[in-house]
Amino acid sequence: MKDLTQTSETNGGTGHLLHSRAAAAGDVGLSHLTQMMADFASARDWEKFHSPRNLLLALVGEVGELSEIFQWKGEVPRGLPDWSVEEKEHLGEELSDVLLYLVRLADICDVNLGEAVLGKLKKNAVKYPIERCKGSSNKYTVYKESEIERNSENHEV
Ligand SMILES: Nc1ccn([C@H]2C[C@H](O)[C@@H](COP(=O)(O)OP(=O)(O)OP(=O)(O)O)O2)c(=O)n1
3 MKDLTQTSET NGGTGHLLHS RAAAAGDVGL SHLTQMMADF ASARDWEKFH
53 SPRNLLLALV GEVGELSEIF QWKGEVPRGL PDWSVEEKEH LGEELSDVLL
103 YLVRLADICD VNLGEAVLGK LKKNAVKYPI ERCKGSSNKY TVYKESEIER
153 NSENHEV
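Take the sequence shown: its letters are residues 3 to 159, numbered as in our numbering.
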């Protein structure tokens with residue numbers, strides 16, 4: 003990836019993007035995150051640790067930490083209205099760790115996550131046509147099965 007670490011001593015090796023206006027507003031794209039993680043690792047000579055398997059394990063570990071936040075709480079309402087500022091901050095940190103390791107894993111595996119995720123969204127829309135699945139959380143295989151049954155019934159007639 004392009005090296006944006008010229009000022010790594012002052013910005014912790016995350017490149018100038020971290021200090022941009024977009025970043026200040028919390029508006030950041032996948033390619034920027036990818037670049038910042040690459041710069042962060044490069045500045046620390048951590049590329050040798052950021053192997054696919056290590057990153058996957060780190061990602062799963064962070065998913066575990068994220069799960070711990072919800073553990074034993076039972077179902078919680080959307081927006082988490084009863085949670086303290088500290089709890090929400092902690093949640094934001096664990097979500098970020100998951101995202102950062104995911105983005106880094108995709109980069110190290112040479113997967114363009116932006117392209118992949120847009121492609122996947124398209125596939126999902128085809129797999130779950132609104133007219134067939136609105137209001138139902140059934141897996142697509144259920145629609146497929148009922149479609150096959152309907153087709154075979156039509157053939158029998
Ligand atoms: N070898 C490493 C270690 C850390 N990180 C980055 C990615 C994560 O965003 C964060 C993870 O840091 P920690 O392993 O210190 O985990 P936590 O931030 O979750 O700390 P703690 O385990 O104390 O909650 O730092 C990284 O890219 N590569």
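Every residue, glycine too, gets a C-beta built ideally from N, C-alpha and C. A quick note: this is a predicted structure, and the numbers were derived from the prediction, not measured.
(1) Can you tell me where the alpha helix (DSSP H) with Tyr103 in it begins and where it stops?
(2) Taking 8 Å as the cut-off, does the CB of Ala25 come closer than this to any heavy atom belonging to ligand 1?
(3) Thinking C-beta only, is Gly15 closer than 9 Å to Arg46?
(4) What residue does the alpha helix (DSSP H) around Arg55 start on, and which one ends it?
(5) Here's the rule I'm using: 16 or more other beta-carbon atoms within 10 Å means buried, otherwise exposed. How should Ala43 be labelled?
(6) Taking 9 Å as the cut-off, decide whether the C-beta atoms of Leu97 and Leu59 are in contact.
With the structure as the only source:
(1) Val87 to Ile110
(2) no
(3) yes
(4) Pro54 to Phe72
(5) buried
(6) no
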